[in-house]
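Residue numbers (my numbering): 9 to 786.
Quick reminder that beta carbons are idealized off the backbone N, C-alpha and C, glycines included.
Note sheet for the following structure.
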Amino acid sequence: MERLGELIGHEMGDAGYSAVSVSNWELGRNKINVDDRLVLVSIISILHRFGGISTAEEADAFLHSGNYRGLNSDERQQIFASSAEATTEPVQAPSAEPEMDIALSLERSRELILLARVERSWITGVLEDADYQFAEIPLTAHSVPAAVSHVWPEMTPPPTNPEQFALDETTLVRLFAASDASLLILGGAGAGKTFTMLRLVRGLLKRAVADPRQPIPVVLSLSSWAERRRPVSDWLVDELATKYHIPRPIGRTWLQEDRIALFLDGLDVLPPPLIAPCLQAINQFRQEFGFIGVVVASRTAAYFDADALLDCGLALELDPVPTEEAGRFLAQQDPEQIDSGRTFILDPALVDLVHSPLALKIITSLTQGDPASPVSVNDVSATDEETYLKSLIGRYVEEILAHPFGATQYPASDLRRWLAWLAGRMKEHNQTELLVENVQPSWLPSNPWRWFYMLLTRLVDGLIIGLIMWLLLHHLHLVHPGLPLGLTRPFERADGISSGAQDLFWLLGVNALLGILVAFVQMFLYEHNPLATHFQLTPWQRRHGQILIVGIVVFVAAYLTSFQLGEPIPMLFWALIEAIIFMLFGRFIHGYRYRAEVRHTIALNWSWRRVKMGLVASALLAALIELIEFSYHVDNGIWKTFLAYIVVGVLLGGLSGERMATSVRPNEGMVRAYRNARTATMVALPVMAVLSLLLWGTKELLFTILLVLTCTATFYGGSKVGNHLLLRMIFRYKKLVPHHLIRMLNQATAVSILRRVGSGYIFSHQLIQDYFAELSQE
Numbered sequence: 009m010e011r012l013g014e015l016i017g018h019e020m021g022d023a024g025y026s027a028v029s030v031s032n033w034e035l036g037r038n039k040i041n042v043d044d045r046l047v048l049v050s051i052i053s054i055l056h057r058f059g060g061i062s063t064a065e066e067a068d069a070f071l072h073s074g075n076y077r078g079l080n081s082d083e084r085q086q087i088f089a090s091s092a093e094a095t096t097e098p099v100q101a102p103s104a105e106p107e108m109d110i111a112l113s114l115e116r117s118r119e120l121i122l123l124a125r126v127e128r129s130w131i132t133g134v135l136e137d138a139d140y141q142f143a144e145i146p147l148t149a150h151s152v153p154a155a156v157s158h159v160w161p162e163m164t165p166p167p168t169n170p171e172q173f174a175l176d177e178t179t180l181v182r183l184f185a186a187s188d189a190s191l192l193i194l195g196g197a198g199a200g201k202t203f204t205m206l207r208l209v210r211g212l213l214k215r216a217v218a219d220p221r222q223p224i225p226v227v228l229s230l231s232s233w234a235e236r237r238r239p240v241s242d243w244l245v246d247e248l249a250t251k252y253h254i255p256r257p258i259g260r261t262w263l264q265e266d267r268i269a270l271f272l273d274g275l276d277v278l279p280p281p282l283i284a285p286c287l288q289a290i291n292q293f294r295q296e297f298g299f300i301g302v303v304v305a306s307r308t309a310a311y312f313d314a315d316a317l318l319d320c321g322l323a324l325e326l327d328p329v330p331t332e333e334a335g336r337f338l339a340q341q342d343p344e345q346i347d348s349g350r351t352f353i354l355d356p357a358l359v360d361l362v363h364s365p366l367a368l369k370i371i372t373s374l375t376q377g378d379p380a381s382p383v384s385v386n387d388v389s390a391t392d393e394e395t396y397l398k399s400l401i402g403r404y405v406e407e408i409l410a411h412p413f414g415a416t417q418y419p420a421s422d423l424r425r426w427l428a429w430l431a432g433r434m435k436e437h438n439q440t441e442l443l444v445e446n447v448q449p450s451w452l453p454s455n456p457w458r459w460f461y462m463l464l465t466r467l468v469d470g471l472i473i474g475l476i477m478w479l480l481l482h483h484l485h486l487v488h489p490g491l492p493l494g495l496t497r498p499f500e501r502a503d504g505i506s507s508g509a510q511d512l513f514w515l516l517g518v519n520a521l522l523g524i525l526v527a528f529v530q531m532f533l534y535e536h537n538p539l540a541t542h543f544q545l546t547p548w549q550r551r552h553g554q555i556l557i558v559g560i561v562v563f564v565a566a567y568l569t570s571f572q573l574g575e576p577i578p579m580l581f582w583a584l585i586e587a588i589i590f591m592l593f594g595r596f597i598h599g600y601r602y603r604a605e606v607r608h609t610i611a612l613n614w615s616w617r618r619v620k621m622g623l624v625a626s627a628l629l630a631a632l633i634e635l636i637e638f639s640y641h642v643d644n645g646i647w648k649t650f651l652a653y654i655v656v657g658v659l660l661g662g663l664s665g666e667r668m669a670t671s672v673r674p675n676e677g678m679v680r681a682y683r684n685a686r687t688a689t690m691v692a693l694p695v696m697a698v699l700s701l702l703l704w705g706t707k708e709l710l711f712t713i714l715l716v717l718t719c720t721a722t723f724y725g726g727s728k729v730g731n732h733l734l735l736r737m738i739f740r741y742k743k744l745v746p747h748h749l750i751r752m753l754n755q756a757t758a759v760s761i762l763r764r765v766g767s768g769y770i771f772s773h774q775l776i777q778d779y780f781a782e783l784s785q786e
């Protein structure tokens, strides 16, 4: 009889878990999560095979006892194919089974959306082009046992001669499974690390599409981890939202249920002092989420220079392309210009400097140029392969820019300058992927321009809040006429100006000043960051601490401004409303630093779960209003108050859900923000208009419409779009980017300087980004 561990290893082999993996669990080398459902399903299969579980109902009871969902139809068919119970539905108590199938179908549709995005972004957009160009170059790699750490070093066998592997898709998938779904890919500059990683991604994508039990491979760049240096689990959820437009609750659920496999590129792009902390963070993540596959790619030198090793099952280092193979490749690419290739290959000073696929691609492109003005690849002074490759990169880019563009395209000089500026900002912000909607005030050229942005956006906030407060004041005058809410104006009534107009001018002016005050407070918090300097706070605590500080400042300033204009208690309540609205702007519209000021937007959806929260909050607010009315002996109908506030609470709660959009495009975040504002307005406006007519008649209808339009347009995306457009206007004014930024990026993509990845853009190679970043410093 086989041991249970061997049986589980055999059962889970197709899912990326080998018998070695299970043995490592038993020995304590790797952590097995207690909430991993896949292990339980494998145990059910084994128990059914040996007579321990005979029916699907017993299997469901086994899973339900641990609060796991029961078997789906595919799992039933696979385990109980020969059992009548697996195909016959029980007559009694159908109850939850149809709902479970619907939920599973929704879950699977979300997974398929992510699978399609990964395939479009990285396979169709990046790998297939490289696969076509380098099909004739057989990449190989050898194992590097010294590159990985071991939990039980005393039990680790002594290193033997490195194993050699051909890096075809089938071999990579096999190595991934045999290495406990953890792999390190090393190599020199341009050696094909990302190309190899994406080959593995393609193989796992095929399996994930065919089998719902397989994890979804997700490609991310570690460069953005340097921004906040958080735990990998938190960083991952944010990256899924930013790069793949996955709502954070869904991303967090997938993480907890081990539904994804991480492919982390660009470890060497991090600043050298941060590589070791990043490796330690990845190791910590693997201890917490032991079943999630992790693949990391890095340049060999950068990895070994760090004082840390990755805890993984296997390390591969890509082999250099042999000189003979490189010469054969160059000759095959352009037989008519074989002399260029031969001249290069026979150059004794450079013959040992061409061993990477990237160098071969660039040399091929340069030697296949215009025969009348050939670009030499020999007259380059270089002593090592990377220096020579950088020189080739410069010539390659300049050769592309030297070709004439169409009349409708941008001149090469402008394209070079704009790309240099973008590459420089991306390097400063540790980014390898450009998302147009993710540009921040920190990209502005100097502090005065950042101050201008802060003052203007907060001034606009103040004017919007002043309009909201005036509409609320008018509404409360109508709905609660007995409450002493009128403002006793500190100036004499002007002839010909109504009291309502004077209230509007007063509230707009006061809130504009409050907005400017908030701008100065936030500029101080952004630049000096006292909460992080004096307190050990998480980013979430810092952000909400700043929001609280803004609320306190606004409350004090608003009360000091208005306490002499009316009765103390209503004015105290009025100042509290001002503070709450300014805090809502800080919570839902702005960030907590220059690098995270413009917030990312997820597609809007209806949320019944948050409807309950809205009901509770609105009922409490209605009760508070009624208590205030009771203290002033005012009775305007309790049912009207509760009905109005409950409807508002239902709308605010329901219109706060998130969903996965089925398509993405450049600047998708701003497009989605606009659509969210439009959708929220279309839903809320008719409901509130009908409610206003029922409760207060036509006299309040216009003000209700204005209030709904202002609130939905502002909080559901309009302010984010406005802030983004202001940044773009400043960039254009400083001639840092063109008027049609997307058109320029598409032009750079058409000439292979950039690649389109989902809704963003990446440089065709990190060395090309480095080349343009160096141009930005000149």
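- About 10 angstroms separates the beta carbon of His485 from that of Phe711, a gap too long to meet the 8 angstroms contact definition.
- Between the alpha carbons of Val245 and Ile577 lies a distance of about 44 angstroms.
- When Cβ pairs closer than 8 angstroms are counted between the two stretches, the region 614–632 is seen not to touch the region 450–459, the count staying below three.
- Among the bridge pairs identified by DSSP, Ile770 is matched with Glu441, Arg763.
- Taken in chain order, the unbroken stretches of alpha helix (DSSP H) that lie wholly in the region 512–586 and span 4 residues or more are 538–542, 547–570.
- Within the region 274–325, the runs of alpha helix (DSSP H) that reach at least 4 residues and sit entirely inside it are, in chain order, 280–296, 308–313.
- Taking a C-beta distance under 7 angstroms as the contact criterion, Leu272 and Val226 do not qualify as a contact pair.
- Shown here, Gly200 sits in coil according to DSSP, grouped into three states, outside any helix or strand.
- The Cβ neighbour count for Leu114, taken over all protein chains shown within 10 Å, is under 16; the residue is labelled exposed.
- For Leu703 and Lys648, the gap between their C-alpha atoms comes out near 7 angstroms.
- Using a C-beta cut-off of 8 angstroms, the region 739–757 makes no contact with the region 628–637, since fewer than three inter-stretch Cβ pairs fall below that distance.
- With respect to Ala284, Asp315 sits close: the two C-beta atoms are nearer than 7 angstroms.
- If you draw a 10 Å sphere on the C-beta of His411, you find fewer than 16 other C-beta atoms in it, and that means exposed.
- Around the C-beta of Glu393, 16 or more other C-beta atoms lie within 10 Å, and the residue is accordingly described as buried.
- Cβ neighbours of Arg116 within its own chain (closer than 8 angstroms, five residues either side excluded): Pro220.
- By the CB criterion at 7 angstroms, Glu586 and Val562 fall inside the cutoff.
- Closest in alpha carbon position to Arg425, among Glu406, Gln439, Val691, is Glu406.
- By the criterion of a C-beta distance shorter than 6 angstroms, Ser760 is surrounded in its chain by Ser772, once the five residues flanking it on both sides are discounted.
- Three or more Cβ pairs closer than 8 angstroms define a contact, and the region 421–439 falls short of that threshold against the region 707–721.
- Taking C-alpha positions only, Ala69 is separated from Gln264 by approximately 22 angstroms.
- Contact check for Ser231 against Thr440 passes: the beta carbons are separated by less than 7 angstroms.
- Annotated three-state conformation of Val468 is helix, per DSSP.
- DSSP, read as helix, strand or coil, puts Gln86 in helix.
- Judged by DSSP in its simplified three-state form, Gln777 adopts helix.
- The beta-carbon separation of Gly60 and Leu71, rounded to 14 angstroms, does not stay under the 8 angstroms limit for a contact.
- Sixteen is the threshold: when 16 or more other Cβ atoms of the shown chains lie within 10 Å of the Cβ of Arg210, as they do, the residue is buried.
- Beta-bridge partners of Gln172 (DSSP): His150.
- Minimum Cα-Cα distance from Ala154 among the listed residues Phe88, Leu287, Phe312, Asp266 corresponds to Phe312.
- Within the same chain, Cβ atoms closer than 6 angstroms to the Cβ of Ala323 are found at Val152, Ala155, Val156, Leu192, the five residues on either side in sequence being excluded.
- Judged by pairs of C-beta atoms under 8 angstroms, the region 725–733 touches the region 599–606, as three or more such pairs exist.
- In this model, Ile597 and Leu762 are separated by some 31 angstroms (Cα to Cα).
- For Lys201, the CB contacts under 7 angstroms within the same chain, skipping 5 residues up- and downstream, are Ile193, Gly195, Ala305, Leu326 in chain order.
- Leu423 is positioned such that its CB atom lies no closer than 7 angstroms to that of Met477.
- Here the region 119–131 makes no contact with the region 654–664; the two share fewer than three CB pairs at distances below 8 angstroms.
- Looking at Pro674, Asn684, Gly768, Ile557, the one whose alpha-carbon comes closest to that of Ala611 is Asn684.
- Boundaries of the alpha helix (DSSP H) around Val245: 240–252.
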